[in-house]
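What follows is a set of notes on a single structure, which appears directly below.
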Amino acid sequence: MYNTQNPFYWLSVFLLLSSALATIQAQNTTSLRRITTIAGGGVCDGGLAIKASLANPASSALGPDGSLFIADSNNHRIRQVFPNGTITTIAGTGFSGYNGDGIEAIRAQLKNPVSVVVNSMGEVLFSDNGNNRIRKILTNGTIITIVGTGVDSFSGDNGLARNAAINYPYGLTLNSKEELLFTDVNNNRIRQVFNNGTIITVAGSNSQGYNGDNMKATSATLFLSFGVAVDTKDNIYIADTNNNRIRKVLLNGTIVTIAGTGTGDYYGDGGLATLAKINSPYGVAVSSLGEVYFSDSNRIRKVSTNGTITTFAGTSLYGFTDNTTVNLATLASPELMNFAKNTSDLYIADKGNHRIRKISNGFITTIAGQGSPSYCGENVDSRLSALSKPKGAALDSLGNIYIADTSNHRVRKISYLDGTITTIAGTGSFGYNGDGILATSAQVNKPTGIAFDSIGNIYIADSGNNRIRKILTNGTILTIAGVGLGGYNGDGIPATNAKLNSPVSVTVDSNDLVYITDTYNHRIRLILPSGNISTVIGGSVGFNGDYLLPNNTKLNYPQSIAFDSSNNMYIADTYNNRIRKMFTNGTIITVAGTGTLGYNGDGIEATNAQLKYPQGIAIDGDELLIADSYNNRIRRVLSNGNITTITGTGDLGYSEDGTTASASKINNPSGVILRRNGEIIVIDSDNSRLRVISTLRTCNGTFANNPNVCNGLGVCFAPDVCDCGDLYGGQFCEFSKCFGIISNSSKVCSSRGVCNSPNTCICNPGFYGNNCELSTCFGIVSNESSVCSGNGNCTATDSCQCFNGWFGFDCSIPSCFNIFANDSSVCSGNGNCSTVNKCDCQFGWKGLDCSIIVNTTTLEMNNSNTNNSIPNNNGTLSNDAISNSTLNSNSTVTNNTITNNTTVNNSNNTTMNTNETVSLNNNSTVNNITNNNITNTNSSNNTIVNNNTLIGNNVNTTTTSNNNTLVNNTTQSTTQNSTKTPGNSDSWTCFEIPKTNSAVCGGHGLCISQNICQCKANSADGYWTGSNCDQCQANYCGDGCKSNICSQSNDNSMYALFALISIPIVGGMGLVACIAFGLRLWFLTHRKKVTVSSV
């Protein structure tokens, strides 16, 4: 009987009730908490496909919109790569399983999908291999099963395919009628599904093996055939994998072998394919030309239409070489492949390289995948990233999270400010390549623990390298303990000379002392301020009781330690299945666990509770958090000493985000850390995630665990903050996204359409493309090279934005030195602007802008004479060019005389320079005077007299005494600028000033013949013209004729002023004034000095 009168009785009752109430309150608090993922589990959806994570992709297929669909087998997803190169998941949650049909494909569980095809409607069909089903994603995003019941058996031929049993479906293809064919691998059959849903067998029988060819395909035996394809005539091709053959089913149903002898090997290139040896072909594809391609170990081989076999891509090496020609490429167990429709582009699932690769025109590139099945994500939202079995994590003083991404051989950081993840140490390749370098360039090997000191240095337990590393605040990495070799060589020596043995964690106390959990040495060690190392506790493996001296206490593979506010040390004594506490005086006790491996419930004293390989611990005030790893639980030891579970059911697995923490499955949690706001971060190691336990949240009044929260399209990860993923946006996921832009944004669909549903734009008239990114300009689509005449960008319908130097509505007009080609003043009025800043000068002009006169004789009056006859003119002429013209009767060209009805024919580009007098008499004809060549001259009885100089090559001459006579082409001289009987040129004057006088030609030119000036035209001397070089060239003015920024003369300015004032005042009269002014300017600027050279 209890003595109820005894006050100690009621005290005991009070204490028991208080303890029970505390336990119940803790459990109630736990029931209000939810678990969500803050890092890992992603595959980098939403970014570029070449930076995404694929895990053993087995096939790909192109859709009608140009998207590439991928069976991402070990990620249990179907992925879509849009034409712009970004990737997303369209089916699968990332977890293996089957949770029904008739639901959104992105919420459906898949199990190792391996083959994918797309029909003309855009529906995606794939073999859900592990679920023994073939499933279809409808265009509305719903998933259904079209073949198989999920039972791995054989049944159902000639019935409905959805009622048939199949066993390990693998390769898929569609024939010309879009009927489905697939390999029913473990049933050793090729089966076909008609469009009415009926299924039959088209090849293979109940037996496994090879029983010959040239028989009905349904009587033949196959041996684990993985690949199937059809040609344009619907002949069927089979990769008969374990028979080491490629086989063909003809339209009459007969089966034959087209490659392989049945012996697995590599042999026979250049010969008949039927005599060649091949080795376990998995995939097969047929080009539009009828060539057959198949995967053969690490090669792609080809059977030509004449039956010859060659290696098309790859070598004997298993590896990865990309962006090269196919003969130099290396592959890693390529599997299924397919051709893009109507092209020769071959897409290969390079399974071992975790990539989809494309061969086009003999060159191989990667289309999707960055090469790692478990890593992706730099500078992206941490929830989109992939981690690989992280073992440790820590928070810095700012709240940034640091993760030991163990199997990715990296240390990564999640920014507290924006949630993005980056790598701060490690290259992803395990090993050790030295210290004193940037941590991001340093190799680490299975890092498992992280800690910080008070000034922000980072400490890493580089477990696989048997080192403790330190990252300084400048990013440099050092080793502070360990020599790289596993073992133990004593204490009292410099830590950098000490051997460690798989140190799993590192911890820094409030005094910045560094402690090492030297796991396989069964010790907790300390790096002293002197740099020497010592053992704090342990040294021998096992358990020999509590209350012993630290150096006599045995530990058994300890994994981590933590300190409370009094600096007492807690130890996860993992293989002793205990949590131990060492007081500052050295006394050690057990605070949780009995030493017996297992789980015997909660709500009891922690010292009576069984644990199962506890790895991580954290201190929460006066309570203790434990990662009870193999019990798949996070447990809490309350201040009253009782233990409870706060998350995990005990069954390993994964529960979706938003699930109540106590009902959530986790998988081998290795650690736990505490945020300042009370949230608990769980290192859910074998789920490759960091997850957070927080109190129940609501978004828009709906609890986070309600399936309708965030409009049923996202996750409520903070109060009134929805994570809407890649396809939806808005505070509560009320808007669709098109290619990453929310539908209510003015920039959605390239600002040229409406986002009707995720990644579905309805474009405004005149715009095209998935994202309405294309428009047309004058009938040419904006992504064609010829749009805007090839000289600009089509920015909107019929709106060209021209490149520099091009103008016009379609960018077809070039400019030369800021003057349009169709402006009369272009190229100084002396040439044509053929392309940007390229003037083709007329005869007699040169220079970039045709402003420099060639050494020519100046003629006056007429502007241009082309194809004209100028008879009986004794006056003076001014021509830009004289082409194909006839000059008749006593015309005078400077001091050269053409007399007596002389005809000069076909004289295009002829230069007649620096001659005193040339007389062509007696009705002579000089033909074909072209480019300074005088040829085929009929010059009988004609004389060239008076000491003339002829400019030019290939002059047919006969030289006599002081005169030169051209007679019947009897002699040919090819000396340029050869002189014919020169006279005394030193006596030349120009307008009575000797040629050697500096004032000759106005001081701005050279006197090159009697009264003939060659004017200077350069930036140093100015641009001069006029018979005496006393005028500025057109468009030049100012002191020295050097400026090309010229105002009009005063009278022109007055015209301009009058015109500008008149327009607003008197309207029409002002317009008349403007026209008058324009005509005057045109007249002035078109009075050109045009030249023709002398002969």
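Positions -26 to -1, 1 to 1069 (mature numbering (1 follows the signal peptide of the UniProt record, and there is no 0)) are the ones given, in order, by the sequence shown.
Beta carbons are placed, not taken as given, at the ideal position from N, Cα and C, and that holds for glycine.
- A contact between stretches requires three or more CB pairs, one per stretch, nearer than 8 Å, and the stretch 610 to 630 fails this requirement with the stretch 326 to 337.
- Between Asn542 and Lys555, the C-beta spacing is below 8 Å.
- Going by beta carbons, Ser802 and Asp823 fall inside the 8 Å limit.
- With respect to the 8 Å criterion, Glu597 and Leu612 are classified as neighbours on the basis of their beta carbons.
- In the DSSP annotation of this structure, Arg649 is not part of any beta strand (DSSP E), being labelled neither H nor E.
- In the DSSP assignment, Pro421 is bridged to Asp436.
- Taking a cut-off of 8 Å for Cβ pairs, the stretch 692 to 699 and the stretch 39 to 53 do not touch, as fewer than three such pairs fall below it.
- Secondary structure note for Glu152: it is in no beta strand (DSSP E), with a DSSP letter that is neither H nor E.
- Residue burial annotation: Glu747 is buried, with at least 16 other C-beta atoms found within 10 angstroms of its C-beta.
- Residue pairing for Pro308: DSSP places it in a beta bridge opposite Asp324.
- Between the stretch 312 to 329 and the stretch 21 to 38, the count of Cβ pairs shorter than 8 Å is three or higher; the stretches touch.
- Ser1001 and Cys987 have their C-alpha atoms some 6 Å from each other.
- If the five residues before and after Ile793 are omitted, its C-beta is found closer than 7 Å to the C-beta atoms of Ser799 and Val800, all from its own chain and listed in chain order.
- Counting every other CB atom within 10 Å of its CB across the protein chains shown gives Asp797 a total below 16, marking it as exposed.
- For Pro788, the uninterrupted beta strand (DSSP E) segment begins and ends at Ile787 to Cys790.
- For Gly512, the enclosing beta strand (DSSP E) stretches over residues Ile507 to Gly512.
- Following the DSSP letters along the chain, one finds Leu36 inside the beta strand (DSSP E) bounded by residues Ser33 to Leu36.
- Tyr489 sits buried, since 16 or more C-beta atoms from the chains shown fall within 10 Å of its C-beta.
- Here the alpha carbon of Lys207 sits roughly 34 Å from the alpha carbon of Lys85.
- Arg650 is classed as exposed because its beta carbon has fewer than 16 other beta carbons within 10 Å across all chains shown.
- Annotation: the stretch 216 to 299 contains the following complete segments of the beta strand (DSSP E) (minimum length 3 residues), in chain order: 219 to 223, 228 to 233, 258 to 260, 266 to 270, 273 to 277 and 283 to 288.
- Here Asn551 really is in contact with Gly569; their C-beta atoms are around 6 Å apart, less than 8 Å.
- By the neighbour-count criterion, in which 16 or more other beta carbons inside 10 Å mark a residue as buried, Ser636 falls on the buried side.
- Taking Thr394 as the centre and dropping the five residues before and after it, the same chain places the C-beta of Asn353, Val354, Asp355, Ser356 and Ile388 closer than 8 Å to its C-beta, in chain order.
- Between Ala314 and Val277, the C-beta spacing is not below 8 Å.
- Non-local C-beta neighbours of Leu687 in its own chain, meaning closer than 7 Å and more than five positions away in sequence, comprise Cys698, Tyr702 and Cys707, ordered along the chain.
- Judged by beta-carbon spacing, Arg610 lies within the 8 Å limit of Leu599, meaning their Cβ atoms are closer than that value.
- The DSSP-derived three-state label of Val121 is strand.
- Residues Gly703, Gly704, Phe709 and Val722 of the same chain have their beta carbon placed closer than 7 Å to that of Ile716, with the five preceding and five following residues left out of the count.
- Rounded to the nearest angstrom, the gap between the Cα atoms of Asp409 and Ile442 is 12 Å.
- Sequence-distant partners of Ser193 (beyond 5 residues in either direction) whose C-beta falls short of 7 Å from its own C-beta, in its chain, are Ser179.
- By a beta-carbon distance limit of 8 Å, Glu653 contacts Ile667. Their separation comes to about 7 Å.
- Of the candidates Asp158, Tyr997 and Val90, Tyr997 places its Cα closest to the Cα of Val828.
- Under the DSSP assignment, Gln988 falls in the beta strand (DSSP E) whose first and last residues are Ile986 to Cys989.
- Each residue's CA atom was taken as its position, placing Ser540 and Pro732 some 55 Å apart.
- Per the C-alpha coordinates, the member of Asn682, Ser825 and His50 positioned closest to Gly632 is Asn682.
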